[in-house]
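Below is one structure, written out as structure tokens; comments come after it.
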Amino acid sequence: MTLAEFLQLDLGPLLLVVLAGVACALPGNFLLLKRASLVGDTIAHAVLPGIVVAFILTGTTAPAPIMIGAVVAALCATLLVNLIAHTARLEQGASMALVFTSFFSLGVVLLEVSGARAVHIDTEHALMGAVENALWLSATGLTSFVDGAALASFPTSVLRVAAVAMLAAVIVSLLFKELKVTAFDPAFASVAGLRPHLADGVLLVLAAVAAVAAFDAVGAILTIALFVCPPATARLLTDRLERQVPISAAIAATTGVVGYAMAALLPRLFGFDLAVNAGGMVALVSSIFLLIVAWKARRRAASAGRLAKRDG
Amino acid sequence: MRADAPAIRGTDPPVVFDGVTVVYGERPALWNVNWSAPASGLVGIVGPNGAGKSTFVKALLGIVPLFAGRIRLLGADAGDLTHRAAYVPQRAAIDWDFPATAADVVAMGLYRRLGLFHRVTKRVRCEARDYLDQVGIADLADLSIGALSGGQQQRVLIARALAQDAPILALDEPFIGVDQPSEAAILNLFQRLRSMGRLVLCVHHDLDTVTERFDVAVLLATRLVASGPPATVLSRDNIRIAYGPGHGVHELAPMTARAPQSTEHATSAVSPLA
Amino acid sequence: MLDALVFQAGYTASVVSLGVIGLGCAGGILGTFILLRGRALAADAVAHASLPGFAIAFLVAALLGMQGKSLLVLGTGAVVATVIALATLQRLEATPHLRPDAAIGVVLAASYALGIVVLSIVQTLPVGGQAGLTSYLLGSTAGMLAREAWTNLGVASAIAVVVLVLYKEFAALTFDIRHARLIGLPVALLDGLLLAMLLVLAIAALQSVGAILFVALIVIPAAAARLWVTRLSSMVLLAAVIGAVGCHVGVALSATVARLPTGPAIVLTLATIFALSLLLAPRRGLIARMGAARRSAAGLRAALAAGQRTRP
Numbered sequence: 003m004t005l006a007e008f009l010q011l012d013l014g015p016l017l018l019v020v021l022a023g024v025a026c027a028l029p030g031n032f033l034l035l036k037r038a039s040l041v042g043d044t045i046a047h048a049v050l051p052g053i054v055v056a057f058i059l060t061g062t063t064a065p066a067p068i069m070i071g072a073v074v075a076a077l078c079a080t081l082l083v084n085l086i087a088h089t090a091r092l093e094q095g096a097s098m099a100l101v102f103t104s105f106f107s108l109g110v111v112l113l114e115v116s117g118a119r120a121v122h123i124d125t126e127h128a129l130m131g132a133v134e135n136a137l138w139l140s141a142t143g144l145t146s147f148v149d150g151a152a153l154a155s156f157p158t159s160v161l162r163v164a165a166v167a168m169l170a171a172v173i174v175s176l177l178f179k180e181l182k183v184t185a186f187d188p189a190f191a192s193v194a195g196l197r198p199h200l201a202d203g204v205l206l207v208l209a210a211v212a213a214v215a216a217f218d219a220v221g222a223i224l225t226i227a228l229f230v231c232p233p234a235t236a237r238l239l240t241d242r243l244e245r246q247v248p249i250s251a252a253i254a255a256t257t258g259v260v261g262y263a264m265a266a267l268l269p270r271l272f273g274f275d276l277a278v279n280a281g282g283m284v285a286l287v288s289s290i291f292l293l294i295v296a297w298k299a300r301r302r303a304a305s306a307g308r309l310a311k312r313d314g
Numbered sequence: 016m017r018a019d020a021p022a023i024r025g026t027d028p029p030v031v032f033d034g035v036t037v038v039y040g041e042r043p044a045l046w047n048v049n050w051s052a053p054a055s056g057l058v059g060i061v062g063p064n065g066a067g068k069s070t071f072v073k074a075l076l077g078i079v080p081l082f083a084g085r086i087r088l089l090g091a092d093a094g095d096l097t098h099r100a101a102y103v104p105q106r107a108a109i110d111w112d113f114p115a116t117a118a119d120v121v122a123m124g125l126y127r128r129l130g131l132f133h134r135v136t137k138r139v140r141c142e143a144r145d146y147l148d149q150v151g152i153a154d155l156a157d158l159s160i161g162a163l164s165g166g167q168q169q170r171v172l173i174a175r176a177l178a179q180d181a182p183i184l185a186l187d188e189p190f191i192g193v194d195q196p197s198e199a200a201i202l203n204l205f206q207r208l209r210s211m212g213r214l215v216l217c218v219h220h221d222l223d224t225v226t227e228r229f230d231v232a233v234l235l236a237t238r239l240v241a242s243g244p245p246a247t248v249l250s251r252d253n254i255r256i257a258y259g260p261g262h263g264v265h266e267l268a269p270m271t272a273r274a275p276q277s278t279e280h281a282t283s284a285v286s287p288l289a
Numbered sequence: 013m014l015d016a017l018v019f020q021a022g023y024t025a026s027v028v029s030l031g032v033i034g035l036g037c038a039g040g041i042l043g044t045f046i047l048l049r050g051r052a053l054a055a056d057a058v059a060h061a062s063l064p065g066f067a068i069a070f071l072v073a074a075l076l077g078m079q080g081k082s083l084l085v086l087g088t089g090a091v092v093a094t095v096i097a098l099a100t101l102q103r104l105e106a107t108p109h110l111r112p113d114a115a116i117g118v119v120l121a122a123s124y125a126l127g128i129v130v131l132s133i134v135q136t137l138p139v140g141g142q143a144g145l146t147s148y149l150l151g152s153t154a155g156m157l158a159r160e161a162w163t164n165l166g167v168a169s170a171i172a173v174v175v176l177v178l179y180k181e182f183a184a185l186t187f188d189i190r191h192a193r194l195i196g197l198p199v200a201l202l203d204g205l206l207l208a209m210l211l212v213l214a215i216a217a218l219q220s221v222g223a224i225l226f227v228a229l230i231v232i233p234a235a236a237a238r239l240w241v242t243r244l245s246s247m248v249l250l251a252a253v254i255g256a257v258g259c260h261v262g263v264a265l266s267a268t269v270a271r272l273p274t275g276p277a278i279v280l281t282l283a284t285i286f287a288l289s290l291l292l293a294p295r296r297g298l299i300a301r302m303g304a305a306r307r308s309a310a311g312l313r314a315a316l317a318a319g320q321r322t323r324p
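Next comes the structure, spelled out in structure tokens:
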């Protein structure tokens, strides 16, 4: 494998999974603490019809309308989950299952019926991501990074994900206090004049935008892995939110690199002609990482329990 | 109607309930409550389970919407000025597995003063430690909140409310599941707040200790049954109205210490639609 | 479309349609108890978890030179995978600092990720018969054989029979588990039986409805039925009818519209039925509720005014 080959075939997809992981992990921390991880799953499914409708209406895959469509769809889905849970007296989980299957189905049907699938997005993309869209075919070597013509063809999906990850990092650090207190004690936040509804709204928008970013990398259905696994792993490694958030971002980036390497680079290095789905592998690696850390945490807790029993 | 709504004046009651009614679904939780708080001192809010004690405090803080009536807080409508009252929720309502230290939680009381976008600095953390000192647990500042005892957790929540530096302090059942030292520390703090001229409103379940702990008692049973000096409010007649005709004072006393009374009698006796 | 609806689209198409209708019936019947037992998300987990079992069984069978699509091989894989996934879920939920919602999110993600990774490997293998595997995600009745349809019908009837025979016991279980335990019912066994039937139904429905959307077949008919009726027996019956109608119309739609996957067509039909129920159902529907809320508020206001007038 040459450098040019790496730049052409692997740099874009690699950046895509790493940055999408970071973009999802940052809001994922707060979803996790609000016990709303499955809201993240609902949002990830629900952005599909938003993306497709935005595409049908505007005829482009420009980021702005796609993002607006996704945010609107995510908002509708979360409002519907609450409305249905309340009116039909369903538990939250059942209501979510109802809403996300319906939204996702609507997205698939619109995709197939409208002809949007011919252009940029198709159903398989929604099911398992499309990192191969992020190829940088005009790259020849390191000089391509300063070559205007080569840079012009740098994959836009990577730039979009980078922008989203940056946005998530800026918003989470600027509104860290507000997001934290709202996740911890929303009633107090409202009494103390800290506007918890604003923080919740920001979190919802951030999750929807991150879900669109993850859509390219891993598809709608595996986005839940990026929302939950790195934050949950980080939670098991620290007892302070100030550390949990950066640790989760680091874990997301690491599992992105490891997952992509296992899917794309290793088979090629060893001469296998296997096309392993990169998004699936990234999600798998981050879940395995969590399972290992959780296993250790359980063992630690069990041995602490034994000690306490012996001492008591 | 603006004539009776002057700017904040020292002589006005700091909290006024005017025909306050709160409805959950179709069930009234508070019915037509008219009440004025004393200028300062310790107020115990008592009544059977489901009598609207927590709702009383939450309405005051603007957490639940009013179905009818209005609440004046320091001379202004409550909704605009809720941050003038500090809030200590029930300990059971808090997620104690949250990844934060005691000082982190107390610092939340200072967030409003810090303002949007500003970070929690070292100085803020020091200040948080001072508030923990006021409830006697400064040494636990850097411990994870999940590692604290029930009483210590309650004291952390109270320190957070102190950090809000509000003239009114509202607490929901601060003595439930609390150890002896914590209870003493909280009572001690109440005395200090009273001497500083603050108003403390405290939801309380234990009728036996109301008289010795509070200056004013508010007896609720969806409606306001009585309010005033605890000894007068907790008369045999009033308690029968609030807790139902089946319960005399003599048999009530040992039972309220643990389990609150069943609500069926209470609601049927004072059902607003009866 | 009309042809498909009145079973005039040929023998195989009619049998396939009948098989899926059977699955819809069984989904409604079983879903009523799953929903009332508060296990909606278990249905989602079971359907996702069976996916990697399917894929790995196919891979192993293909490598051993067996007929990969034999239902026995695939079914065994799915059962093993689901048992592993549910055991993992149980352990994760018992890990300190991990909440149930995060645990279920991780299991969903890990199962689906493993399924996608193995499926992507299967696709590159030089063996036949793998083309249909991606349709297990969203369902497709296009290539379904009459034999498979008869199997579906058999599974559906078996589930209906078991539920009817044990109706009293399941009713007690879902109504009040403590009481059920008190009167000596084998609660754990009944719960396990519900889960086992869920798994069998998920495997049977994998091809026609798909792993991602299976949960809708369980949740939506029961949730819609619950809006109309209050008695358990009527709820079971109505849910079965709704499930059957949803599947029938969905299959006909997907047979008529080119490239429309069956799963989303079924789910959208069910979602439409649910939306109408949510709006129109007497007493529990949104419109009826808004009227009742207005009347109740007016009543309370009148009582309040009367009380204030008579106040001394």
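Read top to bottom, the protein sequences are chains A, B and C.
Positions in the first sequence are counted from 1; adding 2 to them yields this note's numbering.
Positions in the second sequence are counted from 1; adding 15 to them yields this note's numbering.
Positions in the third sequence are counted from 1; adding 12 to them yields this note's numbering.
C-beta atoms are modelled at their ideal positions from N, C-alpha and C, and glycine is treated no differently.
Listed in chain order, the non-local C-beta contacts of B:Ala200 below 7 Å within the same chain comprise Val150, Gly151, Arg170, local neighbours out to five positions each way being set aside.
Secondary-structure assignment with DSSP links B:Asp230 through no beta bridge to anything. Going by DSSP, B:Gly84 is part of the beta strand (DSSP E) stretching over 83 to 88. With respect to chain B, the C-beta atom of A:Ala189 has a partner C-beta closer than 9 Å.
Per the DSSP secondary-structure output, B:Val58 pairs in a beta bridge with B:Leu216, B:Val231.
Burial is judged here by how many other beta carbons sit within 10 angstroms of a residue's own beta carbon; A:Pro51 has at least 16 and is buried.
Spanning the alpha carbons of C:Ala236 and C:Ala287 requires a straight line of approximately 8 Å.
Judged by pairs of C-beta atoms under 8 Å, the region 72 to 80 of chain A does not touch the region 188 to 199 of chain C, as fewer than three such pairs exist. Note: A:Gly95 is not bridge-paired with any residue in the DSSP secondary-structure output. In this structure, B:Leu216 and B:Val58 form a Cβ contact; the two beta carbons are roughly 5 Å apart against a cut-off of 8 Å. Between C:Leu312 and chain B, the shortest Cβ-Cβ separation is below 9 Å. If you compare the alpha carbons of C:Leu280, C:Lys180, C:Leu205, C:Leu202 with that of C:Phe226, the shortest gap goes to C:Leu280.
Taking the CA atoms as reference points, C:Ser289 sits about 44 Å from A:Met168.
Secondary structure at A:Ala185: helix, using DSSP grouped into helix, strand and coil.
Note on A:Val148: under 16 other CB atoms within 10 angstroms of its CB, so exposed under the neighbour-count rule. Taking a C-beta cut-off of 8 Å against chain A, the contacting residues of the region 110 to 125 of chain B are Asp110, Phe113, Pro114, Ala115, Thr116, Asp119, Val120, Met123, Gly124, listed in chain order. DSSP, read as helix, strand or coil, puts A:Asp218 in helix. In the three-state DSSP reduction, B:Arg42 falls in the strand class (E or B). Excluding its 5 nearest sequence neighbours in each direction, B:Asp27 has C-beta neighbours in its own chain below 6 Å: Gly90, listed in chain order.
Per DSSP, the unbroken alpha helix (DSSP H) holding B:Arg144 starts and ends at 137 to 149. Residue contact check for C:Asp203 against chain A: no CB pair falls below 9 Å. For the pair C:Ala93 and C:Gly65, the CB atoms are nearer than the 9 Å cut-off. In the three-state scheme derived from DSSP, where H, G and I count as helix and E and B as strand, B:Ile78 is classed as coil. For B:Thr247, there are no neighbours in chain C by C-beta distance under 9 Å, as the nearest C-beta there is about 19 Å away.
C:Ala317 and B:Ala83 have their alpha carbons spaced roughly 10 Å apart.
The C-alpha of A:Ala76 lies about 6 Å from the C-alpha of A:Ala210.
A:Phe229 is classed as buried because its beta carbon has at least 16 other beta carbons within 10 Å across all chains shown.
The beta-carbon distance between B:Arg127 and A:Gly203, rounded to whole angstroms, is 19 Å. This is too long to meet the 8 Å contact definition.
In terms of beta-carbon proximity, C:Pro294 stays away from the interface with chain A, with every pair separated by 9 Å or more.
Taking C-alpha positions only, C:Val72 is separated from C:Ile128 by approximately 16 Å. In summary, no residue of the region 225 to 236 of chain A has a CB separated from any CB of chain B by less than 7 Å. Interface with chain A (9 Å Cβ-Cβ cutoff): B:His219 is excluded. Residue contact check for A:Ser288 against chain B: no CB pair falls below 9 Å. Residue environment: C:His109 is assigned as buried (16 or more neighbouring CB atoms within 10 Å of its CB, all protein chains considered). For B:Arg255, no beta strand (DSSP E) run applies; the uninterrupted alpha helix (DSSP H) run containing it begins and ends at 251 to 258, by DSSP. Counting other Cβ atoms within 10 Å of its Cβ, C:Met247 reaches 16 or more and is therefore classed as buried.
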